[in-house]
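> Pasting in a structure now, in structure tokens, and then I'll have a few things to ask.
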Amino acid sequence: MPHIIWSLLWRLIIVLSYPTLLAMRQANAADSMNGQVATIDFVEQLAQTHPTSLIIGACMACWLLGSIIGALYPTPDDIKSVEIRPWLRLLICLTGGFAAFLWVLHDEGTLNLLTPLWVGGVAFVAPHLIQIIPTIVKARFGLGGKT
Numbered sequence: 214m215p216h217i218i219w220s221l222l223w224r225l226i227i228v229l230s231y232p233t234l235l236a237m238r239q240a241n242a243a244d245s246m247n248g249q250v251a252t253i254d255f256v257e258q259l260a261q262t263h264p265t266s267l268i269i270g271a272c273m274a275c276w277l278l279g280s281i282i283g284a285l286y287p288t289p290d291d292i293k294s295v296e297i298r299p300w301l302r303l304l305i306c307l308t309g310g311f312a313a314f315l316w317v318l319h320d321e322g323t324l325n326l327l328t329p330l331w332v333g334g335v336a337f338v339a340p341h342l343i344q345i346i347p348t349i350v351k352a353r354f355g356l357g358g359k360t
């Protein structure tokens, strides 16, 4: 049961992080309109001059972080039907994150602030989906003796 709670907590953090960032950005914009001038620091100036480079760097950081966590995070025993070795899990994570990055470039044609979260999330979830899919197929279509 604790594994399911932790897995749900990680997914909740990933889902809620983007709206939180947007709300913080809108709050800072409202403060600057109320007369409080926000100082432009180095990161903000860098983001204004090189936005694509920073998004690609964030994609790489989230890709590696999601891959490492996804490779080390165990899938709950009651829902997995296939055991995958850790080095293969890491390879699946890296491939899934890279495929997500290419998918966003192909589908949208541009990078946005949601892209790093998408790449890291897919990298984290990829080996778990591979372990869970046989269980779902067996339960849905009634294949196999036990689920």
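According to this note's numbering, the residues represented by the sequence shown are 214 to 360, in order.
Glycine residues also receive a C-beta, built at the ideal position from the N, C-alpha and C atoms.
In angstroms, rounded to a whole number, what distance separates the CA positions of Pro347 and Asp291?
Roughly 13 Å between the two C-alpha positions.
> Measure the alpha-carbon distance for Trp300 versus Glu321 and round it to whole angstroms.
When rounded, the distance between both Cα atoms is 32 Å.
> Could you give the first and the last residue of the continuous alpha helix (DSSP H) run that contains Glu321?
Per DSSP, Glu321 belongs to the alpha helix (DSSP H) from 299-321.
> Taking C-alpha atoms, which residue in Thr308, Leu234, Leu324, Thr233 lies nearest to Leu267?
Comparing Cα-Cα distances from Leu267 to each of Thr308, Leu234, Leu324, Thr233, the minimum goes to Leu324.
> Looking at C-beta atoms only, is the number of pairs between the region 222-240 and the region 268-275 that lie closer than 8 Å three or more?
Flag = no, the region 222-240 and the region 268-275 do not touch.
> Near Leu303, which residues of its chain fall below 7 Å by C-beta distance, leaving aside the five closest residues on each side in sequence?
Result list for Leu303: Ser280, Ala284, in chain order.
> State the CB to CB distance for the pair Leu330 and Ser220, rounded to an integer number of angstroms; the pair is presumed to be in contact (CB under 8 Å).
Not quite, the Cβ-Cβ distance comes to about 17 Å (not below 8 Å), so this is no contact.
> How many Å lie between Gly334 and Gly355 at the Cα?
Those two C-alpha atoms are separated by around 30 Å.
> Can you give me the Cβ contacts of Ile282 inside the same chain, cut-off strictly under 7 Å, excluding the 5 residues immediately before and after it?
Same-chain partners within the cutoff: Phe337.
> Apart from the five residues on each side of it in sequence, which residues of its chain come closer than 7 Å, Cβ to Cβ, to Ile217?
For Ile217, where only same-chain residues beyond five positions count, the Cβ hits under 7 Å are Pro289.
> How far does the alpha helix (DSSP H) with Thr328 in it reach, from first residue to last?
Segment 328-354, the alpha helix (DSSP H) holding Thr328.
> Could you tell me the alpha carbon to alpha carbon distance between Phe314 and Arg353, rounded to whole angstroms?
Straight-line Cα distance between these residues: approximately 31 Å.
> Looking at the unbroken alpha helix (DSSP H) that takes in Leu371, where does it start and where does it end?
No information on residue 371 is available, as it lies outside the stretch 214 to 360 that the chain covers here.
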